[in-house]
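One structure is given here, and the rest of the page talks about it.
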Amino acid sequence: MNLLDSLWSGLHVVESVRYGRLATVTIIFFDHLIMLDQEIDYIWTARWTVISILYILNRYYALVAAMYDILLVSMRSSQERFRRFSLYVFFNSNLSNSMYVVLSRHLVITDIFNHNHPDVADRCTVFLKWEGWTGLVFAMLGQSILQFRIYALYSGNRRVVVPMVTIFAVCSSISGWLMWKNISNSSVVSHNYGTGPFCRAIQGGGSTLYAFWIPVIVFETLLCLLALSAGINSFIQDGYTFRHSGRLLQILLRDSMTYFVVITGTAFACLLGAIINGGVYLESPVGFSVAMICTLGNRLILNIRDATRQRDITLRFEDDSLPTSVRYNSKLVPM
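Count along the sequence shown from 1, then add 30; that gives the number in this note's numbering.
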């Protein structure tokens, strides 16, 4: 592959990653705006629980990550002639001290690191490590929220909860070990193609970073099967209660299935991105997975709290209309 082909290939990767980041930031900020009223109503002014803390971590760590990403891509080079182009490709000039543009029929860009700043590669490495561990943190946060839903579906049955938490710890440990192993084997190297040093992050020999997503998919599948089993058992044991239990059980099952389909599909996309083309498109779907875990995980919590409040209001109204001897008292789902 000649130099021009390498530049074209690099441009496609940069465009894919940057457009993916743009979509991620847009989803996170839009979700914050449209869900702010429900957040204030169901989180900030409600009784605080462990679920509330998970919600805050899941929601605002994603917001901080999105703002940090915007900060990175918005810093421009001091050279005016490259500012518009760096904005176009969403590339961080804080990590690249000079940019060289090859103009032909189309624009091709390479990110050149200036050797006068030896700490540039270190900053790049730190950012890549932070990005990798952020993916693991969000996967664990989303799975923790789902586990509380399974806890509610099974009424805290220890025979279900204890094995579930144990498998969660094992899968998270495996994913964390794979992330640590591959980050330790990764490095930032420079190649001189004649126009200057070309810097890129590379994986060490025998990279298994793609396997990071396998434990995530396995545990998500387990949670989905547990939710389906709870719904089927409830319908078989008492179909009337299942159909007339209000929206609580239906929302628990519906949201769990939706979350599973979207997050598992995203995890498969990340897995394929790590395998296809030697993992050059690995970063493209990662940000999208963070956005999906953040938005869907938060909606899982808000939807069930909204349904719980609506049921409570309905039962209170019906309770007040009945004689005292037959009034019905309900228990809220622990979410």
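Positions of the beta carbon are idealized from the N, C-alpha and C atoms, including for glycine.
Secondary structure note for Asn215: its alpha helix (DSSP H) is the uninterrupted segment 188-215. The shortest CA-to-CA distance from Thr238 to any of Gln340, Trp210, Asp342 is the one to Trp210. Per DSSP, the continuous alpha helix (DSSP H) segment holding Phe249 begins and ends at 243-267. Assignment of Met170 by DSSP, reduced to helix, strand and coil, places it in the helix class. A residue is called buried once 16 or more other Cβ atoms fall within 10 Å of its Cβ, and Tyr85 is buried on that count. Burial of Leu282 is indicated by the presence of at least 16 other C-beta atoms within 10 angstroms of its C-beta. Put simply, of Leu63, Glu161, Val94, Val195 the residue whose alpha carbon is nearest the alpha carbon of Leu252 is Val195. Phe242 and Asp342 have their C-alpha atoms some 42 angstroms from each other.
In terms of CA proximity to Cys300, Tyr240 leads the group Trp207, Arg48, Ile100, Tyr240. Taking a C-beta distance under 9 angstroms as the contact criterion, Ile305 and Arg179 do not qualify as a contact pair. Here the alpha carbon of Gly327 sits roughly 15 angstroms from the alpha carbon of Leu166.
Counting only residues of its own chain and dropping the five nearest sequence neighbours on each side, Ala169 has a CB closer than 6 angstroms to the CB of Val246. Around the beta carbon of Asn263, fewer than 16 other beta carbons sit within 10 angstroms, so the residue counts as exposed. Rounded to whole angstroms, the Cβ separation of Leu332 and Met65 is 7 angstroms, and the two are in contact under 8 angstroms.
Collapsing the DSSP output to three states places Ala76 in coil. Here Val80 has no same chain residue with a Cβ atom under 6 angstroms from its own Cβ, once five neighbours each way along the sequence are excluded.
In this structure, DSSP gives Met322 a helical state, which the three-state scheme calls helix. For Asp67, the enclosing alpha helix (DSSP H) stretches over residues 66-69. Taking 9 angstroms as the cut-off, the Cβ atoms of Leu176 and Leu279 do not count as close. Ser82 sits in a helix when the DSSP states are folded into three classes.
Between Glu69 and Gln173, the CB-CB gap reaches or exceeds 9 angstroms. With contacts defined as CB atoms closer than 9 angstroms, Asp99 and Gly303 fail to qualify as a contacting pair. A Cβ-Cβ contact shorter than 9 angstroms links Ile58 with Ala321. Ranking Ile73, Ser46, Thr56, Trp74 by CA distance to the CA of Leu93 puts Thr56 first. Ser319 places its beta carbon less than 9 angstroms from that of Thr296. Excluding residues up to 5 positions away in sequence, nothing lies with its Cβ nearer than 8 angstroms to the Cβ of Arg188 in the same chain. Within a 10 Å sphere around the beta-carbon of Leu255 sit fewer than 16 other beta-carbons, which makes this residue exposed.
Here Tyr49 is not near Leu171, since their CB atoms are 9 angstroms or more apart. In its chain, beyond the 5 residues on either side, no residue has a beta carbon closer than 8 angstroms to the beta carbon of Trp74. Annotated as distal: Tyr72 and Asp285, with beta-carbon spacing of 9 angstroms or more.
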